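Asks: Sending over a structure as C-alpha cells; questions will come in a sec.
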Amino acid sequence: MSEQPDSTAIELDPESLAEEHVVSEDPADLPEEYEPEPELVSATREADHADVAEQLIEVPGMDEDGDEGEAEEEF
Numbered sequence: 006m007s008e009q010p011d012s013t014a015i016e017l018d019p020e021s022l023a024e025e026h027v028v029s030e031d032p033a034d035l036p037e038e039y040e041p042e043p044e045l046v047s048a049t050r051e052a053d054h055a056d057v058a059e060q061l062i063e064v065p066g067m068d069e070d071g072d073e074g075e076a077e078e079e080f
C-alpha cells in the first residue's frame, strides 16, 4: 500500500498557501471604479406650519373623549 500525504496537512501547509495567494489591487484604490456618493444640496426642509397644525388636530387613534384606543385593547 503506497503512502499518500494527508490532505489536511497539504491544505494547512504555510508554504503552499503562500504560493497560492495572489495579491489583488484594492477596488477602493482604483479611481475608475470608485464612485463617490452624490452630494445632497438640501437634505432637510422647513415644515409648513399649516400642515403641522392640521396633523396636531387629527391625531390617529384618539376618539372624542381623548382615550387612546382603549376599546381596541379590551377582550
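Everything in the sequence shown is counted per our numbering, starting at 6 for the first residue and increasing by one. For glycine and all other residues, C-beta sits at the position ideal for the given N, C-alpha and C. These numbers were taken from a predicted model, which means no experiment stands behind them.
(1) By DSSP, does Glu59 sit in helix, in strand, or in coil?
(2) Output needed for Glu40: all residues of its chain with C-beta closer than 7 Å, excluding positions within five of it in sequence on either side, in chain order.
(3) Ala58 to Ser29, Cα distance in whole Å?
(4) To the nearest angstrom, how far is it from the Cα of Ala55 to the Cα of Asp31?
Replies: Here's the rundown:
(1) The count along the sequence shown starts at 1 and reaches residue 59 at position 54. Helix, per DSSP.
(2) Counting from 1 along the sequence shown, the entry for residue 40 is found at position 35. So the list is empty, once near-sequence residues are dropped.
(3) Along the sequence shown, one-based indexing puts residue 58 at 53. Along the sequence shown, one-based indexing puts residue 29 at 24. Going by the C-alpha atoms only, they are around 59 Å apart.
(4) Residue mapping note: residue 55 aligns to position 50 of the sequence shown, counting from 1. Residue mapping note: residue 31 aligns to position 26 of the sequence shown, counting from 1. Roughly 52 Å between the two C-alpha positions.
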